[in-house]
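The sequence shown stops at residue 601 when you use the numbering used here, and every number in between is there.
Glycine included, each C-beta is placed from N, C-alpha and C at the ideal position.
Below is one structure, written out as structure tokens; comments come after it.
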Amino acid sequence: MDKIDTFKIKDMTVSGFKCFREEHRFEFGDITYITGDNHIGKTSIADAITFAFCGRLYNGSAAMDRLYSDGEKQLCVALHLLDAQGKSIDLVRTRKNDKVTITYNGYNIRQKDMDALFGESDIFLSILNPTFFIEYLGNDGQALLQRYLPLIEEETILDQLSKPQRTLLSGKSLLSPETFIANQRESLKEYEEGLIALDGQKALLMTQAKVGKQDLAMLEQRRAALEQQLKDLREKHGQGVNLDQLRQQYTDLLLRIDEMSTDQKEAPTPYDSRLAQLDLNIQRTNEALKETMQKQYVSKYAGEMAKLQHELQFAREEYRKKEAALRHMRAGVECPLCCRPITEEALENTREGINRSMKAIVQQGIDQNTQLAQLRDLDRKAKEVFDQWKTEDIGKHRQHSIEYQEQRTLLLSNFGNSASALAELIQRRKELEEALELGGLTAEEKILLDRLEMDLQAVNIDYEARKAILNRPIPDIDGKAKELETMIRQKEDLIAAAMDYLSVRNDLTFRGLPLDKVGFSLYDILKTTGEVKNTFRFTYNGRDYRKLSHSEKIFAGMEVAELMKALTGRNYPVFVDDSESVVKLAKRPAGQVFLSRVVAGAPLTVAYRDMQPVQELKKAS
């Protein structure tokens, strides 16, 4: 079956359809006038025509249950059509117990066959019902319209732009400028977010440098204090003690021990073994005592506490920055977040955003202070446990040392031989070694001296490490920011060019269409962001469709119906309902026209006129 691009309805027979319970036959002409009081069948005629072609109502509704006459379960609409060559077409649609049958010149066909012959339902209704496209399709009409709009060559559009704009858009895929602009705005957003991130990184590095310098100063103070303590102890070392004399005694003692060890040939006696064991026990106890006294408390919470203190310091700096920015914020001032001038419209939102950020920082600080207090409490308790353990361990080792010394003294008093004499010399050697090591310092002072030397070494290592961090190369943030700013400007220029491209394409698309007073708006550009937002609005004489009078809406709808005829190449009837508000037709629609109007108290009347242009609707008698 070939496409039917032009036809008119000669007559229609209906039965069981809405108010037409019994069979009714209507004849139509080029201009058909349907008049009568309300609720007597004028709109039902329009519904019957639409049902025959689309299986829907005049307003596009698919609520078929309302089509049956009261008490009926079967309806029939039969149309007699004439195509452009005057050839007759019989189209019948019946519905019985929810089963639909369509016959075309006596042959059963399906709805998809009807769509192939007369176009899809939305196209048919957009021509038949002047208000359907605008009021019922809504945004779906945009996609329908764009399918049939003429394609404007890309070169034709580019010729309307400036040379710099053509250069920017050269090689770009502009099949869908809206999608292209949306993609470019996403890239622009990424650049802008990257610029904000660089600002944050720069602020963080500055804060870290400031904190790092403060840490170095503290380490320098700590190092100076340790060096002074060490100097005092080292100066005390050897005071009140003749170290040269002790060294000579130590040398002489070593010679005596060597001589006695050479002379002693016999195997060790049980006495000697016992004495050696006691000496070993005394040595181990003293070593354990020394080791215990040297042990210092090492906090397992120190690192986490230092981290929290650093984060709190950084948070305080961030809060002061935002507080200063908020204090000086007004329209025209550079935004601290995006570094752009703040508009009057965005001022309050920007303030709210910074206030939220400050509240978040305060809450974070409260949480971190709570954590820090908890860690400090845990650290204090851990140190108390350590100190108690250390005190108890020192007391235990000292007690063991006293006990071993007493046992040794008792053993020596009971047995005196060469072995014991040698043991005495060895013990004396140990005492001299300890005296030389202490150099006049107490055991506690010697332990303190060793600990201070270790602390100083650790401080020096920490100092050099922090110094190296401060002296490392600083990333060229300003350079990267300038690069991003250049890319942002380039992207903004590209977006502006694409929006001009879109505007020119839209203008060229509608310039050649058969439109008089109707205008279309397919998109809006948001002033605040420059974002292209899809819209679908109608104007008539430059006024928003929603603000038009009823008659103006009818005129606008008829112009849209004529546009759909021109775009689709289908010259189908136009049915104007409630046409009583229309006094004059500015331009007679092409093809068949139905004009329905209310006449109070009058019966349903269908009259027609063939092939005569009508400029004015006369009142029905």
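I need the boundaries of the alpha helix (DSSP H) containing L94, first residue and last residue.
The sequence shown places Met at residue 94, not Leu. First-last of the alpha helix (DSSP H) with M94: Q91 to F98.
Taking the Cβ atom as the reference point for each residue, do T548 and P130 lie within a distance shorter than 8 angstroms?
Not a contact, by the Cβ cut-off of 8 angstroms.
Starting from I14, trace the beta strand (DSSP E) both ways and give me its first and last residue.
Per DSSP, I14 belongs to the beta strand (DSSP E) from I11 to G16.
Going by the beta-carbon positions, is the gap between V57 and A28 smaller than 8 angstroms?
Closer than 8 angstroms, so yes.
So, for R310: in the same chain, excluding its five sequence neighbours on each side, which residues have a beta-carbon less than 8 angstroms away from its beta-carbon?
So the qualifying residues of the chain are I322 and L327.
On the criterion of 16 or more Cβ atoms from any shown chain inside 10 Å, does E542 qualify as buried, or is it exposed?
Answer is buried; the Cβ neighbour count reaches 16.
Closest to M(-8) by C-alpha separation, out of G40, I441 and I69, would be which residue?
Residue I69 is the option with its Cα nearest to M(-8).
Within its chain, find whatever has a CB closer than 8 angstroms to the CB of I103; leave out the 5 residues flanking it on each side and keep chain order.
Once the five neighbours on either side are set aside, the close Cβ partners of I103 are L124, M544, T548 and R550.
Are I427 and Q274 close, meaning C-beta to C-beta below 8 angstroms?
A contact, by the Cβ cut-off of 8 angstroms.
So K(-10) and E7 are supposed to be a Cβ contact under 8 angstroms. How far apart are they, rounded?
With a Cβ gap of about 7 angstroms, K(-10) and E7 count as contacting.
By DSSP's criteria, T272 is part of a beta bridge. Which residues make up the other side?
According to DSSP, T272 bridges with nothing at all.
Taking DSSP's pairing of strands, which residues face I82 in a bridge?
Looking at the DSSP assignment, I82 forms a beta bridge with R73 and I89.
Going by the CB atoms, is the gap between F112 and L105 shorter than 8 angstroms?
In contact: L105 and F112 (Cβ atoms closer than 8 angstroms).
Let me check understanding here. Comparing Cα to Cα, which of D442, L502, A570 and K363 lies closest to P494?
Per the Cα distances, A570.
Quick one, which of E325, L213, K302 and E52 has its alpha-carbon nearest G312's?
That would be E325, whose Cα lies nearest to the Cα of G312.
Assuming V540 is part of the alpha helix (DSSP H), what are its boundary residues?
V540 -> alpha helix (DSSP H) spans H530 to T548.
Cutting at 6 angstroms between CB atoms, please list the residues of its own chain near D608, excluding the five before and the five after it.
Any property of residue 608 remains undetermined from this structure, which presents the chain solely from -19 to 601.
What are the residues that DSSP puts in a beta bridge with Y520?
DSSP lists V498 and R523 as partners of Y520.
With DSSP collapsed to three states, give me the class of Y277.
Correct three-state label for Y277: coil.
Near D456, which residues of its chain fall below 6 angstroms by C-beta distance, leaving aside the five closest residues on each side in sequence?
For D456, where only same-chain residues beyond five positions count, there are no Cβ hits under 6 angstroms.
Tell me the start and end of each unbroken alpha helix (DSSP H) in the segment 320 to 366 that is at least 4 residues and wholly inside, in chain order.
Listed in chain order, there is nothing to give.
Alpha carbon to alpha carbon, how far is Y588 from G581? Give it in angstroms, no decimals.
Taking the straight line from one Cα to the other gives about 21 angstroms.
What number of angstroms, rounded off, separates the C-alpha of I346 from the C-alpha of Y281?
Cα to Cα, I346 sits roughly 19 angstroms from Y281.
By the 10 Å Cβ neighbour count, where 16 or more other Cβ atoms means buried, how is S142 classified, buried or exposed?
Per the 10 Å Cβ criterion, exposed.
Considering Cα atoms alone, identify which of Q276, K471, Q351 and L390 is closest to Q164.
Nearest option by C-alpha distance: K471.
Is it buried or exposed, Q145, if we count other Cβ atoms within 10 angstroms and call 16 or more buried?
So Q145 ends up on the buried side.
Assuming F(-3) and L47 are in contact, meaning their beta carbons sit under 8 angstroms apart, how far apart are those beta carbons, in whole angstroms?
Yes, F(-3) and L47 are in contact; Cβ-Cβ is about 6 angstroms, under 8 angstroms.
Nearest by alpha-carbon distance to S602: which of S529, D195 and A177 is it?
Because the chain here runs from -19 to 601, residue 602 falls outside it and cannot be looked at.
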